[in-house]
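Structure record follows, encoded as structure tokens.
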């Protein structure tokens, strides 16, 4: 408006929008009340800047996007290729998020073979393999072996990658070489992403709620697999020994509780940053120009919304167990380790915590 009149009201242009001279929200097509189509050249209305989004039906309700690739700007309701919802933070059905873009699910990925059937079948064999690599006694000569040095290097690499991802959730810009190496790997703090759970069953696990529950409960699911694998192996060995008429005492040496706990602890300790990152992600929000806030990990989920509130209890329990509980137990074990180190079963059970240290330098 060039002059202030009773029929003309002007307001400041919203953050994240550009308002050319003469802009009127009434000129935005969904807002037009008249059935007469005016000259398109006269329709000047507020436009979104790059990196911002607003719904087509509520064009002045502006949201900040996490990436300019997600929100190219322009007309309200505009998102990057195959993206939708608030902040253009979600892929359309039949697509999965990878390397900042949405890619089409293949026919194979849309089936439930890759997920969850494949990990369900692979998990017991993987557990047995990892367990077999960790059975050697905790002696100094074994600690310094080439195999253990290589395993330590692999664990440090995994921890580094998890740390990179966790820092990235704080919206820190990385050099291209860092982000490229990470994105191409296809392995994130939520390792199951490489199995495309968003595609499984035609997108049945595409909602944030389903994925948050699945990833938060993953340590519990793995623990159940350890228990199942232990019972199956011990049962098979027991049956073979009965058929052969052999003694049964040696069955306890295979996947016994202490060695099993160490294998499970090794996995959880190696991926502890990723596990804690998932537990805390519900409380990492960023602010929008309209006063609302979204999850950094899922821009389309509004913090304090019904969907968000429905997951708070699980997130708090996960933090209490995976962070407070685990840290308290580990601190206690390290505190009593000088008095218990001579116990073979104690060393076998807590090997994943103690293997870094030498008995004469336990502190």
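In this note's numbering, the protein residues as written are 84 to 446.
C-beta atoms are modelled at their ideal positions from N, C-alpha and C, and glycine is treated no differently.
Quick caveat, the model's predicted, so the values are computed rather than measured.
Exercise for the section: Could you tell me whether the Cβ atoms of residue 249 and residue 356 are closer together than 8 Å? Expected result: Against the chain shown, residue 249 aligns to sequence position 166. Against the chain shown, residue 356 aligns to sequence position 273. Yes, the pair counts as a contact, with Cβ atoms nearer than the cut-off.
Problem - Under the three-state DSSP convention, the category residue 381 falls into - result: Taking the chain shown and counting its residues from 1, the one referred to as residue 381 is at position 298. Reduced to three states, the DSSP call for residue 381 is coil.
Exercise for the section: Give me the Cα-Cα distance between residue 438 and residue 425, rounded to the nearest whole angstrom. Expected result: Stepping through the chain shown from its first residue, residue 438 is reached at position 355. Stepping through the chain shown from its first residue, residue 425 is reached at position 342. Between residue 438 and residue 425, the C-alpha separation is close to 14 Å.
Handout entry: Residue from 373, 392, 393, 363 whose Cα sits closest to the Cα of residue 379
Key = As a working note, residue 379 is residue 296 in the chain shown. When each option's Cα is compared against that of residue 379, the closest is 363.
Practice task
Quick one: grab the DSSP three-state call for residue 109.
Solution key: Sequence index remark: in the chain shown, residue 109 carries index 26 (1-based). Here residue 109 sits in helix by DSSP.
Practice task
Return the chain-ordered list of same chain residues with a C-beta closer than 6 Å to the C-beta of residue 156, the five sequence neighbours on each side being excluded.
Solution key: In the chain shown, counting from the first residue as 1, residue 156 sits at position 73. Around residue 156: 131, 132, 133.
Practice task
State the Cα-Cα distance for the pair residue 343 and residue 232, rounded to the nearest angstrom.
Solution key: As a position in the chain shown, residue 343 is number 260, starting the count at 1. As a position in the chain shown, residue 232 is number 149, starting the count at 1. Each residue's Cα considered, the two are about 22 Å apart.
Practice task
Would you decide whether residue 434 is buried or exposed? Buried here means 16 or more other CB atoms lie within 10 Å of its CB.
Solution key: Position 351 of the chain shown holds residue 434. Counting Cβ neighbours within 10 Å, residue 434 comes out buried, since at least 16 surround it.
Handout entry: As assigned by DSSP and simplified to three states, the class of residue 343
Key = Numbered from 1 along the chain shown, position 260 holds the residue referred to as residue 343. Residue 343: helix per DSSP, three-state reduction.
Problem - Beta-carbon spacing of residue 214, residue 346 below 8 Å - result: By 1-based counting over the chain shown, the position of residue 214 is 131. By 1-based counting over the chain shown, the position of residue 346 is 263. Yes, the pair counts as a contact, with Cβ atoms nearer than the cut-off.
Problem - Contacts around residue 167, its chain only, beta-carbon distance under 6 Å, and the 5 residues preceding and following it disregarded - result: For the purposes of this step, residue 167 is taken as the residue at position 84 of the chain shown. Same-chain partners within the cutoff: 173, 175.
Practice task
Would you mind sorting residue 245 into buried or exposed? The rule is 16 or more other CB atoms within 10 Å of its CB.
Solution key: For the purposes of this step, residue 245 is identified with residue 162 of the chain shown, where counting begins at 1. Its Cβ being crowded by 16 or more others within 10 Å, residue 245 is buried.
Handout entry: Residue from 349, 169, 300 whose Cα sits closest to the Cα of residue 147
Key = By one-based count along the chain shown, residue 147 stands at place 64. Nearest option by C-alpha distance: 169.
Exercise for the section: Report the rounded CA-to-CA distance for residue 105 versus residue 242, giving the unit in angstroms. Expected result: For this step, residue 105 is matched to residue 22 along the chain shown. For this step, residue 242 is matched to residue 159 along the chain shown. C-alpha separation (whole angstroms): 55 Å.
Practice task
Determine which residues share a DSSP beta bridge with residue 101 and list them.
Solution key: As a first step, residue 101 must be located in the chain shown, where it is residue number 18. Note: residue 101 sits in a beta bridge opposite 130.
Handout entry: Residue interval of the beta strand (DSSP E) (run including residue 195)
Key = The residue labelled residue 195 in the question sits at position 112 within the chain shown. Per DSSP, residue 195 belongs to no beta strand (DSSP E) and is neither H nor E.
Problem - Other residues of its chain near residue 152: CB distance less than 8 Å, five sequence neighbours each side excluded - result: Looking up residue 152 in the chain shown gives position 69. Within the same chain, residue 152 has close Cβ partners 163, 183, 184.
Exercise for the section: Return helix, strand or coil for residue 96, following the three-state DSSP convention. Expected result: Counted from its first residue, the chain shown places residue 96 at position 13. Correct three-state label for residue 96: coil.
Practice task
For the beta strand (DSSP E) holding residue 179, just list the boundary residues, first then last.
Solution key: On the chain shown, position 96 is the one that residue 179 refers to. It spans 178-181 - the beta strand (DSSP E) in which residue 179 sits, taken as one unbroken run.
Exercise for the section: Can you say whether residue 145 is buried or exposed, counting buried as having 16 or more other CB atoms within 10 angstroms of its CB? Expected result: On the chain shown, residue 145 is found 62 positions in, with the first residue counted as 1. Buried, since its Cβ has 16 or more Cβ neighbours within 10 Å.
Handout entry: Where the alpha helix (DSSP H) containing residue 364 begins and where it ends
Key = By one-based count along the chain shown, residue 364 stands at place 281. Residue 364 -> no alpha helix (DSSP H), and no H or E assigned at all.
Practice task
Consult DSSP for residue 148 and reduce its assignment to one of helix, strand or coil.
Solution key: The count along the chain shown starts at 1 and reaches residue 148 at position 65. Coil, per DSSP.
Problem - Residues that residue 312 bridges to, as DSSP identifies them - result: The count along the chain shown starts at 1 and reaches residue 312 at position 229. Residue 312 pairs with nothing; no bridge assigned.
Problem - residue 295 - DSSP class collapsed to helix/strand/coil - result: Taking the first residue of the chain shown as 1, we reach residue 295 at position 212. DSSP places residue 295 in helix when its eight states are reduced to three.
Practice task
Return the residue from the list 294, 201, 427 that minimises the CA-CA distance to residue 398.
Solution key: Counted from its first residue, the chain shown places residue 398 at position 315. It is 294.
Handout entry: Rounded straight-line distance, which links the Cα of residue 289 to that of residue 371
Key = Counted from its first residue, the chain shown places residue 371 at position 288. Counted from its first residue, the chain shown places residue 289 at position 206. Rounded to the nearest angstrom, the two C-alpha atoms are 24 Å apart.
Practice task
Sort 314, 349, 422, 322 by Cα distance to residue 339 and report the nearest one.
Solution key: The residue you call residue 339 lines up with position 256 of the chain shown. Measuring from the Cα of residue 339, the nearest candidate turns out to be 314.
Practice task
Could you check the C-alpha separation between residue 410 and residue 324 for me, to the nearest Å?
Solution key: Start at 1 with the first residue of the chain shown, and residue 410 comes out as number 327. Start at 1 with the first residue of the chain shown, and residue 324 comes out as number 241. Rounded to whole angstroms, residue 410 to residue 324 spans 41 Å at the Cα level.
Exercise for the section: Could you check the C-alpha separation between residue 99 and residue 126 for me, to the nearest Å? Expected result: Stepping through the chain shown from its first residue, residue 99 is reached at position 16. Stepping through the chain shown from its first residue, residue 126 is reached at position 43. One C-alpha to the other measures close to 20 Å.
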